[in-house]
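Single-structure report; data block below.
Numbering (my numbering), first residue to last: -1 to 663.
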């Protein structure tokens, strides 16, 4: 006896496959977890190659555990990386510079990402730091750009698609990478009868990077590529993605939020990107922040149209997963099918950034398979960074760089000044009589936790120590600025500090978290001095500027050694837009530093770590002015001559100690 066939089944049998699936999924619901890592900066395992010690606070090996947990929680998920992936640690430098990969080798971090089965990735600004030839090789791309030898066949690369829509070859006028990809994802949904059904959803991913890469990496990109703005690029490609069948569109955009007037060259254009019709979710990065975060005081998360609690930007579900594998971004994208398309149900969609460190300060376990995958590369990197370059008779640290300790900064400025002076004398004799200064910053100043400080012990100096003192593979640039422009440079750097009211009796925070330490440029020269008055508003803080005891005149010309990022506009310092550059060195700042240490042989505090060009303008405050640093380091402040610093509490609940600085001394 035959079982009767229902009319619905007969209808399905009579329809084409696509139409039948539409009928089956009509009124269906589904939740897809969009998982994001960002700004991993080649922190594959929880290990600090600069301190040669494990570091439980970071690493993709711990993020891998968060990924596994999320996948067990969500039946449907896709894993994406936002970029700034291949640069940032000694492991990255070893594979790019010391022992460059062969064409058939896969980059260490990509090997792990392949193992974790990433579904796609974006391209950040730091991907370009090692040049287009290296980037093309390790991503398995065949760039057709000027100055880069074309490959007959692609080299080994990641097993997942990488997308970037707003960077184009000047030679071909075509996108450098695929601007977007549409991924067919088989998912489990709930049908109209609340029973599980299997269906396919087409997920479109489109990538963006800051257009400002043209300035930051000019030496690698000039004449080879050009960029377009985020908004117009999205307006061009998203309708095309929809026309090709994308059910949902995910923007993987390496940048933050900025509501300044729109410009195609703006660094953080995603406040505007979210307003482009057709974007269902945004995965952000670059700013090294955590979003959503209801308690965040960061300016970019307190803009009109931004819901920092729910993780929405103009209604678009948005996540930013901090940096170095410390968080995993999770968007639980809830979808409804109206019979023709999938629609995001924003009321039921959830957004969160899950931390590897738990509220009780414990950390999730590392996935041992990650280290096993790159064990050889890890061991080789450790051997590489132990290469000796010199000696130091004193401890070089950045624990108190925000209040005047120059121990980890002066040798960098000395190296840059020495290199620039020799070049000017030999090649720019007409400029040889100008005052020459150098600018550097404490790249590690506690942002990523109480272990995130430069700390080089007395004794042998090795490559890892040099990398600790100068974290980024920037190139040395020399700029010519006026006294007025130099003051503007220092005024922008002084945004590092909050405005202090001397009459307030309660504690006031000295440090402005929205101005990172790498933008707090300082001079460390016995010939140059200035004061920073933190009781004044931004732009009116720098005073008493002198060069060899005489007041600096607004029109007086200076040469300043810095890096390509700053000289070309990085950090939005006034006047530094590339036009002031008089020399773009072929050498990296870090290599300049290593050569200087080798020539000096032994560093001493008196000669290489005691010069202070700046001090706070003296003011008596009614209440304490406080800042945070690692606990138990007060003796280092004393060694640096900072007798106006005291330790108030040894633990602020986040692993930092609370210190006070007496601005009257």
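Ideal Cβ positions, reconstructed from N, Cα and C, are used throughout, including at glycine.
- Contact between residue 83 and residue 38 holds: their C-beta atoms lie close to 5 Å from each other, under 8 Å.
- Note on residue 102: under 16 other CB atoms within 10 angstroms of its CB, so exposed under the neighbour-count rule.
- No Cβ-Cβ contact shorter than 9 Å links residue 199 with residue 460.
- Here residue 214 carries a helix assignment [DSSP, helix/strand/coil].
- The Cβ atoms of residue 595 and residue 388 lie closer than 9 Å to each other.
- Across the set 645, 627, 316, 477, the C-alpha of 316 shows the shortest separation from the C-alpha of residue 255.
- Under the DSSP assignment, residue 376 falls outside any beta strand (DSSP E), being part of the alpha helix (DSSP H) whose first and last residues are 373 to 383.
- Per DSSP, reduced to three states, the secondary structure at residue 480 is strand.
- Annotated as proximal: residue 166 and residue 225, with beta-carbon spacing under 9 Å.
- In the DSSP assignment, the residues bridged to residue 196 are 186.
- The beta carbons of residue 414 and residue 474 sit closer together than 9 Å.
- Membership of residue 415 in the alpha helix (DSSP H) is indicated by the continuous run 408 to 425.
- When the alpha-carbon of residue 544 is set against those of 171, 485, 496, 566, the nearest one is in 485.
- The straight-line gap separating the alpha-carbon atoms of residue 188 and residue 243 is approximately 22 Å.
- In the DSSP assignment, residue 462 falls within the unbroken alpha helix (DSSP H) covering 461 to 467.
- Cβ contact annotation for residue 517 (same chain, cutoff 6 Å, sequence separation greater than five): 569, in chain order.
- For the set 606, 453, 40, the Cα lying nearest the Cα of residue 440 is the one of 453.
- For residue 401, the closest of 358, 636, 455 by C-alpha to C-alpha distance is 636.
- A Cβ-Cβ distance of about 7 Å is found for the pair residue 289 and residue 306, placing them in contact under the 8 Å criterion.
- Taking every protein chain shown into account, the CB of residue 559 has 16 or more other CB atoms within 10 angstroms, so this residue is buried.
- The region 42 to 92 is shown to contain whole beta strand (DSSP E) runs of 3 or more residues at 75 to 79, in chain order.
- In the three-state DSSP reduction, residue 35 falls in the strand class (E or B).
- Residue burial is scored here from C-beta neighbours: residue 34 has at least 16 other C-beta atoms within 10 angstroms and is therefore classed as buried.
- In the three-state reduction of the DSSP assignment, residue 280 falls in the strand class.
- Each of 445, 337, 265, 450 was checked against the Cα of residue 513, and the nearest Cα belongs to 445.
- In its chain, beyond the 5 residues on either side, 540 have a beta carbon closer than 6 Å to the beta carbon of residue 488.
- Spanning the alpha carbons of residue 622 and residue 234 requires a straight line of approximately 54 Å.
- The beta carbon of residue 430 sits closer than 7 Å to the beta carbons of 422, 423 from its chain, once the five residues preceding and following it are set aside; these are given in chain order.
- DSSP, reduced to helix, strand and coil, places residue 225 within a strand of the structure shown.
- DSSP, reduced to helix, strand and coil, places residue 486 within a helical segment of the structure shown.
- The alpha-carbon of residue 334 is positioned some 31 Å away from that of residue 157.
- Apart from sequence neighbours up to five positions away, the residues of its chain that approach residue 551 with a beta-carbon distance below 7 Å are 481, ordered along the chain.
- Of the residues 500, 479, 499, 510, the one whose Cα lies closest to the Cα of residue 491 is 510.
- Take residue 361, set aside five residues on each side of it, and the residues of its chain with a beta-carbon closer than 8 Å to its own are 54, 55, 60, 354, 355, in chain order.
- Boundaries of the alpha helix (DSSP H) harbouring residue 593: 587 to 598, taken from the DSSP string.
- Within a 10 Å sphere around the beta-carbon of residue 109 sit 16 or more other beta-carbons, which makes this residue buried.
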